[in-house]
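In what follows, a single structure is set out as structure tokens and then discussed.
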Amino acid sequence: MRSIPRLRTGRPGRLAGLAAAAALVTAAVPLLAVGQTAAVRHDPSTACALPDPSGWTDEGHSTDYAQFQRPQGVHTAAMIFVDFPDAPAEEPTDRYYDFLAPAQDLMTQFSYGAVELRITPVKHWLRMPESSTDYGMQRGIGWTQQAHYVKQAGELAARYVDLSKYDMLYIVPPKNATAITFSPAYVYDPTNPNLIVRGKEVKWGVTVGQDMWHWGPKVLLHETGHSFGLPDLYSFFDRNVHGYVGGFDVMGNITGDAPHHFGWEDWKLGWLANRQVACLASDGTMAVRLTEVESLGGTKIAVVRTGTNTAYVAESRKPYGVDSSICKSGVVIYKVDSSVNTGEGPIRVQNSSPGTPTTATCDEPVDWGAYKPGQTFRDEEAGVTITVNASSSTGDVVTVTKS
Ligand SMILES: [Zn+2]
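Okay, so the sequence shown: first residue is 17 according to this note's numbering, each after it adds one.
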């Protein structure tokens, strides 16, 4: 039995009092307390949901759950271990399972308990028929090559376990199989033949590689996130790989300092209810009391829609849970563009303090980009301002205007 971490529930903060005090520091922007109705509007949250122009992994809301896993409930994964004629395993499978198993508890924390990941290790080394160097398991690999690897591994495992009972297949090689370098997600492609076990297609999984030793168990969070339809938030093309979101969100830098998913993604995944989203889709002003994204309950994101595929989002980030090492807490403001492809910056954090010196562990300027009381984000062209009015240990109050 593994323990399920107790989720932090949203606790009443001191925001009401702070909100009053904050009028002193934001004289230019009238403070509107939550619940105040005059001149304050909230559009229905659905008016801020963005479409999915690409239909693949992106930040739009209409995820195709014929292709991707629905990110709710119990998800089972068979973890199988494969070695090779040129790279025979030298250690028991337990070492590998034990290293990756914390992904299960992490999934509970990341999803507010919406998803329970159950990994069953199949404790045999299965000898693959080809050399580890023959599978091409490096960056740039195509779906067909990866599917070939999955098919061979799955057919070996099917002698020991009924794979038709599992949602996913995690395939783990030994440490000396250095040619298996990285850990791409395996996501069902309806146009290609998949591995079929007892009449059921193996649609999703991760072909784990040596980078697991660098990333740790969160690599399974990241890759399983792709099977839920999430895009990569690091850059495929820029030299500054983590310039868009720094250490925020496990879909960016897996070892980042604030790996909790952006609240926008929590909403897309259905881990936040519509009532937890404050939306401004037309001209107006809204004041929002945000509770930290790391805990359960409360309003999590303030969204101002700026176009067919674009929005700005403000959320509160605090040093708690998976974000306990966050570089700078406060209100994180980011631009979402659902027409931008995976790896090209569909989410871009806006930096309140671009001149802040970076450190060894907080090495991206946007790691220091959170907004504090008295600071205002502005996009003149989009007619958007977001002002932080107050802050407590569990949340922040913001005023959002669109004109
Ligand atoms: Zn990825």
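Ideal placement from N, C-alpha and C gives every residue a C-beta, glycine not left out. Just so you know, these numbers come straight off a predicted model, no measurement behind them.
From the options, pick the residue whose C-alpha is nearest to that of residue i; which is it?
| i | options | result |
| --- | --- | --- |
| Ser341 | Asp99, Tyr350, Gly263 and Ile135 | Gly263 |
| Val348 | Gly411, Lys216 and Gly337 | Gly411 |
| Val414 | Asp121, Glu397, Pro389 and Gln226 | Pro389 |
| Leu249 | His238, Gly268, Pro108 and Lys351 | Gly268 |
| Ser61 | Thr73, Pro69, His77 and His164 | His77 |
| Leu256 | Glu380, Ala63 and Gly399 | According to the sequence provided, residue 256 is Asn. The question's Leu does not apply to it. The shortest Cα separation from Asn256 among Glu380, Ala63 and Gly399 belongs to Glu380. |
| Tyr336 | Phe100, Gln125, Cys64 and Ala119 | Gln125 |
| Lys234 | Asp205, Pro104, Ala274 and Leu306 | Ala274 |
| Trp280 | Leu122, Tyr328, Ser251 and Phe253 | Tyr328 |
| Gln162 | Lys139, Tyr260, Trp141 and Pro200 | Pro200 |
Considering residue i, what are the terminal residues of the beta strand (DSSP E) in which it resides?
| i | result |
| --- | --- |
| Glu75 | Where Glu75 is concerned, there is no enclosing beta strand (DSSP E), given that its DSSP letter is neither H nor E. |
| Gly170 | Taken as a continuous stretch (DSSP letters only), Gly170 belongs to no beta strand (DSSP E), being part of the alpha helix (DSSP H) at Trp159 to Ala173. |
| Met123 | Looking at the DSSP string, Met123 is not in any beta strand (DSSP E); the run it does join, the alpha helix (DSSP H), is Ala119 to Phe126. |
| Glu281 | Here Glu281 belongs to no beta strand (DSSP E); instead the alpha helix (DSSP H) covers Gly279 to Lys284. |
| Ser407 | Val400 to Ser408 |
| His140 | Val131 to Arg143 |
| Glu331 | Thr326 to Arg333 |
| Thr223 | Trp220 to Thr223 |
| Gly245 | Run containing Gly245: none; DSSP gives neither H nor E here. |
Could you check if residue i belongs to the surroundings of ligand 1, using beta carbon to heavy atom distance under 7 Å?
| i | result |
| --- | --- |
| His242 | yes |
| Asp248 | yes |
| His276 | no |
| His230 | no |
| His258 | no |
| His238 | yes |
Would you grab the beta carbon distance between residue i and residue j for me? Rounded to a whole angstrom, and I think it's under 8 Å.
| i | j | result |
| --- | --- | --- |
| Ala330 | Ile212 | Between Ile212 and Ala330 the Cβ distance is about 46 Å, and since that is not below 8 Å, they are no contact. |
| Pro362 | Pro247 | 5 Å |
| Val320 | Val416 | 5 Å |
Would you kindly work out how many angstroms separate the C-alpha atoms of residue i and residue j, rounded to a whole number?
| i | j | result |
| --- | --- | --- |
| Thr109 | Pro190 | 9 Å |
| His277 | Pro67 | 19 Å |
| Val404 | Gly313 | 20 Å |
| Phe97 | Lys216 | 21 Å |
| Gln83 | Val218 | 12 Å |
| Leu47 | Leu179 | Bear in mind that the predicted position of Leu47 carries a pLDDT of just 41, short of 50, making it too unreliable to give a figure here. |
| Gly245 | Asp353 | 15 Å |
| Glu107 | Arg143 | 14 Å |
| Thr194 | Asn325 | 41 Å |
| Gly385 | Gln366 | 7 Å |
| Ala32 | Val304 | In this predicted model, Ala32 has a pLDDT of only 35, less than 50, meaning its place in the structure is not dependable enough to derive any value. |
| Val400 | Tyr182 | 46 Å |
| Met153 | Gln226 | 10 Å |
| Gly300 | Thr322 | 12 Å |
| Ala43 | Asp114 | A caution first: Ala43 carries a pLDDT of 28, below 50, which makes its placement in the model too unreliable to give a value. |
| Lys418 | Arg57 | 11 Å |
| Val242 | Ser127 | Correcting the residue type first, residue 242 is His in the shown sequence and not Val. Each residue's alpha carbon lies about 14 Å from the other. |
| Ala174 | Gly89 | 25 Å |
| Val338 | Phe393 | 26 Å |
| Glu146 | Pro101 | 7 Å |
| Ser311 | Ser148 | 43 Å |
| Cys378 | Ser355 | 29 Å |
Does chain D have any CB closer than 8 Å to the CB of residue i?
| i | result |
| --- | --- |
| Val166 | This model lacks chain D altogether, as it is built from one protein chain only. |
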